[in-house]
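J.:
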Amino acid sequence: MNEQYFSNNPQSQHQEKQIDTVVNGFNLKLITDSGVFSKDRVDYGSQRLVETFMEEKQVLEGQKILELGSGYGPIVITLAKAFPQASITAVELNERAYHLAQRNSSLNQVGTIQWLLDDATSVDLNGEVFDYVLTNPPIRAGKQTVHQFITHSYKQLKPGGSLWVVIQKKQGAPSLYKHMEEIFGNAEKVKQDKGYWILTSEKIV
1 MNEQYFSNNP QSQHQEKQID TVVNGFNLKL ITDSGVFSKD RVDYGSQRLV
51 ETFMEEKQVL EGQKILELGS GYGPIVITLA KAFPQASITA VELNERAYHL
101 AQRNSSLNQV GTIQWLLDDA TSVDLNGEVF DYVLTNPPIR AGKQTVHQFI
151 THSYKQLKPG GSLWVVIQKK QGAPSLYKHM EEIFGNAEKV KQDKGYWILT
201 SEKIV
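Residue numbers (full-length UniProt numbering): 1 to 205.
(1) Taking C-alpha atoms, which residue in Q192, L163, Q168 and A173 lies nearest to G185?
(2) Where does V146 fall in DSSP's three states?
(3) Along the chain, which unbroken stretches of the alpha helix (DSSP H) at least 4 residues long are found entirely within the stretch 10-83?
(4) Does the beta-carbon distance from P137 to G69 come in below 8 Å?
(5) Return the first residue and the last residue of the beta strand (DSSP E) that L107 is part of.
(6) For V76 and L93, I'd like the C-alpha separation in whole angstroms.
(7) Counting along the chain, where does the beta strand (DSSP E) carrying V201 start and finish?
(8) Go ahead and label T151 buried or exposed: buried means 16 or more other beta carbons lie within 10 angstroms of its beta carbon, across all protein chains shown.
(9) To which residues does DSSP link Q114 through a beta bridge?
(10) Measuring CA to CA, which of R140, V36 and Q63 is closest to H14?
(11) Identify, in the order they occur along the chain, each residue of the same chain with its Cβ nearer than 6 Å to the Cβ of T21, setting aside the five sequence neighbours on each side.
(12) Does DSSP put E128 in a helix, in a strand, or in coil?
(13) Got a sec, what are the start and stop residues for the alpha helix (DSSP H) I183 sits in?
(14) What does the alpha-carbon distance come out to for the pair E56 and F83?
(15) Rounded to whole angstroms, what is the Cα-Cα separation between K17 and L116?
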């Protein structure tokens, strides 16, 4: 069985390489490796998620962004470049991806991200709450885990804060939409592109 990218400590032989890409107008240099999610290119869904979020939201000075399952960092590094005035936290379970993300942060001259090696479905952030949570959840980890990403996101949001998710229709987008409605009391499909749905829910208290 192939090793899964959501493993805590990948054992596969290292195959590091650098990919040069553009995400929403920002040039990124990203080091990737075997045993991490989307090692050959920035995932299409991740690109659509960050681009749609930036089209819809203007993050203000002092506002807080959390990414659950940040991989080697393309989403939060893009956000840090776009919104240097924001406070950004990234949570990743995969040790290899976590260390790559910190290297990529330095490589792209972004120093404003707090990187945490932890389980995104249960991470304890000491009561800190956020204006925005973004996630491209690990579909291969199973429906229960993906739904736990949503449940934990709700706990991490301020009242009035919003969750932003990308998921493919064929991988359970309609089911996840319903779960978001159950947890938040609301959900919206903001965009659909090549089978990818960008979904958002607002925490109303």
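Every residue, glycine too, gets a C-beta built ideally from N, C-alpha and C.
T.: In short, the structure shows the following:
(1) Residue 185 sits at position 185 when you count from the first residue of the sequence shown. If we check each option's Cα against that of G185, L163 comes out closest.
(2) Residue mapping note: residue 146 aligns to position 146 of the sequence shown, counting from 1. Three-state result, V146: helix.
(3) 44-56 and 74-82
(4) Translated into positions along the sequence shown, residue 137 becomes position 137. Translated into positions along the sequence shown, residue 69 becomes position 69. Yes, the Cβ-Cβ distance between P137 and G69 is below 8 Å.
(5) Reading the sequence shown from its first residue, position 107 is the one you call residue 107. Segment E95 to L107 is the alpha helix (DSSP H) holding L107; no beta strand (DSSP E) there.
(6) Along the sequence shown, read from residue 1 onward, the residue named residue 76 stands at position 76. Along the sequence shown, read from residue 1 onward, the residue named residue 93 stands at position 93. Rounded to the nearest angstrom, the two C-alpha atoms are 15 Å apart.
(7) Counted from its first residue, the sequence shown places residue 201 at position 201. Per the sequence shown, residue 201 should be read as Ser rather than Val. Unbroken beta strand (DSSP E) run through S201: Y196 to E202.
(8) The residue labelled residue 151 in the question sits at position 151 within the sequence shown. Under this definition T151 is an exposed residue.
(9) Your numbering for residue 114 matches position 114 in the sequence shown. For Q114, which the question treats as bridged, DSSP gives the partners T89.
(10) Locating residue 14 in the sequence shown gives position 14, counting from the first residue. Looking at the Cα atoms, V36 is the closest of the given residues.
(11) For the purposes of this step, residue 21 is taken as the residue at position 21 of the sequence shown. For T21, where only same-chain residues beyond five positions count, the Cβ hits under 6 Å are L28 and V42.
(12) Translated into the one-based positions of the sequence shown, residue 128 becomes position 128. Coil at E128, not helix or strand.
(13) The residue you call residue 183 lines up with position 183 of the sequence shown. Its alpha helix (DSSP H) spans residues A173 to F184.
(14) Numbered from 1 along the sequence shown, position 56 holds the residue referred to as residue 56. Numbered from 1 along the sequence shown, position 83 holds the residue referred to as residue 83. Each residue's alpha carbon lies about 14 Å from the other.
(15) Against the sequence shown, residue 17 aligns to sequence position 17. Against the sequence shown, residue 116 aligns to sequence position 116. Distance between the alpha carbons of K17 and L116 is about 23 Å.
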